[in-house]
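Per numbering that gives the first Met the number 0, the sequence shown starts with residue 0, numbered consecutively.
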Amino acid sequence: MTSNTESSKEASSSVPRKQARTFCLVALIVVTTTFSALFTVYSINNKGALANYKLHSPSLPSDYYVTWNSTTITHASAPQPSSLHGHHENGNATTVAAVTTVVTPLEDLVKRLLPDPYHTHFHFKLRTDLTTNSETNVHDTFRLYNLRREQTAEATIAKVAIEGATLSALGAGLNHYLKHVCKVELTWSGHRFDQLPVVPPLIPTEAGVDGVVRASFVPWRYYMNVVTYGYSFAFWDWNRWQRELDWIMLNGVNMVLAMVGQEYVVRKFYENQGLTPKDIDDFLAGPAFMPWQRMGNIQGAWALQRNTTFNNDWIDSQWALQGQIMQRLQAFNITPIMPSFQGFVPRKLPEMYPNSSYVTASNWNEMGKYSQVTALLPTEPLFITLSQQFIHLQRTMYNDVGIDLDVGAAENFYLLDLYNEMQPSCTEPACLKDISGGVMRAMKAADPKAVWTMQGWFLVHLYPWQPAQNEAFFDGIKQVNEGRDAFVIDLNSEVMPVWERTDGFFGTSWGWSMLDNFGGGQGLYGALPTLLREPFKGYQQRAKSMRGMGITMEGIENNEYLYQLVLDIPWQSVEATYPDDYPPAAAAAKHGAYPLKQQALSGKTHLEEFIKRRYGPDHTTPAMLEAWTTLSQTVWDCRTKQDSQSKTFLDNAPRLDMVKHGFMRTVMWYDQNKVVAAWKQLVDSTETEQSRVRRRRHSVIQDSIEAVIMAAIGRSSEIASPMSSSVPSMWASAISDWIQDTYEHILGRFNPRSYGRRDIVESSAVRNSTLSTQSELLPLNVSSFRYDLVDVTREVLVGVVLPGLHRELVDAYEAKDLNRTQAWGQHVLDVILDIDRLLSTHTHFMVGPWIRDARISAKVVATSTTATALTPASMNQYQDYLEYNARNQITWWGPHGQDTLADYASKHWGGLVKEFYYPRWRIFVDHLVSAVETGNKLNQTACLSESLVKEIEWMKETTCLGGCFADSSLEARWRDDPHTTTKYPVEAVEDTVLVVQDLMDRWGLIAMRLAKDAKPVRNEP
């Protein structure tokens, strides 16, 4: 959950005119005074001490003002005027964007991310008249070209000029330069900016006199799902947010959900309604679960030792963080989708307004008292009143901290999800029409510029959303301004496209989205052919109402290529990709338009270019490209219509029958033989002469494992020919002893219950010296390459090896064969610990950073609404409360274990596998062995009960990751305990490359055999 973050460098700018200086000074004083009065933050330093510091958001950063041509001063926080019906369409727009000349935010981004030689290499220029000769790609045009030396102030330096119709276009243009000229890319798993050429390259001459020109075929490119704020963003600090906002800007995203800290406004809103602190505390969810409270799914917080003081302190600190996020969004001119009055209210509110009508929402996922939220009907006059009050209060509270939500915006987007995974209170078309019409009228009464933004996820449920109900719902929206003021995010367009069965949402503006995962699942999964085809199909749909495109994953940092592809697609030429539908004609006659010289989108080329940027063009081998081609045709070519990755056996409670179909199925759709072969290609591509010598012994060991297993289960005829010629004579005796030990082990002389973790043969010094000789030849030290090695190896071990071993284990149990049951049980436990070892080599696959980030998010903000003075001891309890939230979300997802949502948000993270999943599997194996020994059947209930005891122990556990408060002995005890210090590391434990090679040597041949025995689900054509 962590990424390396770059230090922020704010560049100052000069303002030549006295009037401008005065304006800046007054604004600076006002905002500084406001923030200083509001926020004093207590935080944790790296040593665990309690430190008092002021939040450094009060003064306006230098990117709020800039000098351009020594004449024009413009406030960077003024968002670009926008309209769903003519947003930045350059020459074709019905709404003309106001002239803005602020480019300093882009210059500062360059300084944060790129080496020094690039800081002055770009000449950014905003040109609102910039357009193309295209009839489709008309939004946010950018142009890249080389400035001749005589055109620059530095006569001896050539620069790259980046022109854009908007700031978003400039960001996309900069990213185009980095990706296609410099061959580097910023992704969640890393970048290669340290490998950029020392001398910044220029645009290739083949681009021609016009340079490179691109434009988007949709006005809105958006990012985030409401629940991403739980599964990924929950405990981020400003440094991590700044890195993400830079990534957003580079990818041309111009619309995001702005959900951080909204409980600060909600709390004040209900205080104004006369509710008590307890009434409000019983309504607001815990830090890791706030997204679901925002949508009316849950209410209240659960914890082993709940303390609402901590919840309120955390809410205050999140509001302070939101101030920084909103400042940067406004500096980048990125449109925020703001919260609105949702209609879901505390249980006590009806007592304040008894004359209005309320309903009780669904018992979402059997959450009982933590669900069944009280909802005010949108048809009630009170709904309009409270909507007006909420939006006015929100605007005022942002103004109080120097953020004007109305400056320059033609439209203000507000999120309201009425029925997220819940049944509506009525299903008659007329009633649904009244409800949606009521929401629309309330929102417009609160803000005449309001656009109702909703996630279309509720419409994927066929009951009650039949054609009549669907159309009636949108007819209600059309009662106000003919439906022009709504925007639907079709959340899972790649699998469950609602736009297809609603005729493009009956003409309401909508966006095509890729969801790809639930709960932040990490499995390799995608529908790549669909991604390459369906967005264009949606754009060409007869209603012509597709106005956006984006990514709406529940959790980030997985399947990175697919997300980058979806963000790239809006910039692909529709006319070049579908030339028969768009013959060249009148478009070329547009005055001042630049030609859009662009090839049709090629999936193969796009993927290969991504991999080369990821690993480095000179380090990417044909075998690597072939491996990813194979993976793109297997794991990323799911045609079973399943809506996300398959859930793995690893992170499900173990049972005899673990095959599950339907939602979150446990069967794999891909050809496992091909995936294992691709894995082998990737691992073999790390091979050097040194590693070949080191690995000879391991290949013989694996052959021996296979031979002994086959002999033990009576399948010796399947044993491959021994590779005796490759065995150095010096190892012969050791291998003979090892084979005997292995045979004894498999015959059950070692009980699985006494299993201990294997020692690692190579020392860190050996590993480091080996890598240093390899790094010049291959991309072994590139973070993203290591990430991919872990990811693909993880997929094989959890998707092929573990299910195959489980299959053999169950067969042995059903045959009442004690030796085989012990042997296969041991191998199940072996591979689980090997998975943990693998994951612990990369910080993106470790639970330690997730827990650490939760604990260090414990901050106290002294504001006018709270004056809590926490002691060091209570601060430690505050951290424990946040750690519980972090642990609970990725395991139980609720107040009780083994309930409906248990393991929904499970993760393949080092530390979590060893400490949470492994004990469950060990208990399962023990019970199987005992059942065979005693001649009884497996008692699944007893197995689950024993596992629950272990889960409760884990849930109660606390750490000192990030530092502890209270007395120093507490931290010392945790630090000095050799067991706890290795449970949840926050840095890589071993070297990824060597561990992956070891695991290939240990499990490679077994994976190949198990893959042959697997029965994949047949893909649909």
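Backbone N, C-alpha and C fix where the C-beta goes; we use that ideal spot for every residue, glycine too.
Chain-order list of residues whose beta-carbon lies under 6 Å from that of residue i (same chain, five-residue window excluded)
i      : result
Glu989 : Thr840
Gly299 : Asp281, Tyr369
Pro349 : Tyr357
Leu385 : Phe340
Tyr560 : Phe609
Tyr669 : Thr633, Val634
Spatially closest choice to residue i from the options, by CA coordinates
i       : options                         : result
Leu105  : Pro894, Trp246, Lys949, Met258  : Trp246
His120  : Tyr462, Leu201, Ser167          : Leu201
Gln671  : Leu523, Ser690, Glu556, Arg541  : Leu523
Pro621  : Leu681, Leu837, Thr957, Asp193  : Leu681
Ile314  : Ala374, Ala233, Gly537          : Ala233
Thr308  : Gly961, Leu881, Tyr269          : Leu881
His926  : Pro653, Asp833, Ala872, Tyr883  : Pro653
Glu1102 : Phe915, Thr958, Gly961          : Missing from the structure shown is residue 1102; the chain here goes from 0 to 1020 and no further.
Pro569  : Arg836, Thr384, Ala168, Asn354  : Ala168
Ser572  : Gly554, Ile336, Arg532, His590  : Arg532
Gly910  : Asn132, Leu143, Leu838          : Leu838
Glu986  : Ile951, Ser856, Val846          : Val846
Val666  : Ser684, Ala1010, Thr685, Pro377 : Ala1010
Ala441  : Val912, Met623, Thr378, Thr604  : Thr378
Ile850  : Trp953, Ala941, Pro778          : Trp953
Asp433  : Arg394, Phe382, Gly401          : Phe382
Whole-angstrom C-beta distance between residue j and residue i, which should lie under 8 Å
i      : j      : result
Trp920 : Val795 : Not really, about 18 Å apart at Cβ, beyond 8 Å.
Tyr614 : Gly189 : Their Cβ separation, rounded to whole angstroms, is 11 Å, which puts Tyr614 and Gly189 out of contact at 8 Å.
Ser316 : Glu556 : Not quite, the Cβ-Cβ distance comes to about 24 Å (not below 8 Å), so this is no contact.
Lys448 : Ala485 : Not really, about 13 Å apart at Cβ, beyond 8 Å.
Leu320 : Val259 : 6 Å
Gln454 : Ile488 : 5 Å
Met289 : Glu270 : Wrong, their Cβ atoms sit about 18 Å apart, outside the cutoff.
Counted within 10 angstroms of its Cβ, other Cβ atoms place residue i as buried (16 or more) or exposed
i      : result
Leu417 : buried
His805 : buried
Leu303 : exposed
Glu813 : exposed
Tyr462 : exposed
Asn419 : buried
Glu365 : exposed
His843 : buried
Phe662 : exposed
Ala599 : exposed
Thr769 : With a pLDDT of 43 at Thr769, under the threshold of 50, the predicted position of this residue should be treated as unreliable, though the coordinate-derived value follows. By the neighbour-count rule (16 or more Cβ atoms within 10 Å), Thr769 is buried.
Ser56  : Summary for Ser56: the model assigns pLDDT 27, below 50, so the residue's position carries little reliability, and this model does not support an answer.
Asp997 : buried
His660 : exposed
Arg242 : buried
Gln521 : buried
Other residues of its chain near residue i: CB distance less than 7 Å, five sequence neighbours each side excluded
i      : result
Ala467 : Pro428
Lys158 : His120, Phe121, His122, Leu146, Thr151
Leu24  : Since pLDDT at Leu24 reaches only 39, below the 50 mark, its modelled position is unreliable, and no value is offered.
Own chain partners of residue i with C-beta closer than 8 Å, once the 5 adjacent residues on each side are dropped
i      : result
Asn558 : Asp515, Asn516, Leu523, Tyr524, Gly525, Trp635
Leu274 : Pro345, Lys347, Leu348, Met351
Met495 : Val459, Asp642
Pro594 : Thr131, Asn132, Asp209, Val212, Ala587
Check: residue i C-beta below 7 Å from any heavy atom of the ligand ADP
i      : result
Glu205 : The model on display carries no ligand, and the ligand ADP is accordingly not part of it.
Minimum length 3: unbroken beta strand (DSSP E) runs contained in the stretch 215-244: The stretch 215-244 contains these whole beta strand (DSSP E) runs: 219-222.
Complete runs of the alpha helix (DSSP H) confined to the stretch 260-296 [at least 4 residues]: Restricting attention to alpha helix (DSSP H) runs no shorter than 4 residues, the stretch 260-296 encloses them at 261-271, 276-280, 289-293, ordered along the chain.
Whole alpha helix (DSSP H) elements within the stretch 615-639, 4-residue minimum: For the stretch 615-639, whole alpha helix (DSSP H) runs of length 4 or above, ordered along the chain, are 621-631.
Any beta strand (DSSP E) of 3 or more consecutive residues that is wholly inside the stretch 331-357: Complete beta strand (DSSP E) runs here, min 3: 334-338.
Inside the stretch 97-126 only - beta strand (DSSP E) runs reaching at least 3 residues: Within the stretch 97-126, the complete beta strand (DSSP E) runs of at least 3 residues are 121-125.
Inside the stretch 640-694 only - alpha helix (DSSP H) runs reaching at least 4 residues: For the stretch 640-694, whole alpha helix (DSSP H) runs of length 4 or above, ordered along the chain, are 671-683.
Minimum length 4: unbroken alpha helix (DSSP H) runs contained in the stretch 458-492: Those alpha helix (DSSP H) runs which fall completely within the stretch 458-492 and span 4+ residues are 466-476.
Segments of 4+ residues assigned as alpha helix (DSSP H) that fall wholly inside the stretch 493-544: With a minimum length of 4 residues, the continuous alpha helix (DSSP H) runs that stay inside the stretch 493-544 are 497-500, 502-505, 527-538.
Any alpha helix (DSSP H) of 4 or more consecutive residues that is wholly inside the stretch 785-840: For the stretch 785-840, the full-length alpha helix (DSSP H) segments reaching 4 residues or more read 801-813, 817-838 along the chain.
In chain order, each alpha helix (DSSP H) run of at least 4 residues that lies wholly inside the stretch 844-887: With a minimum length of 4 residues, the continuous alpha helix (DSSP H) runs that stay inside the stretch 844-887 are 846-855.
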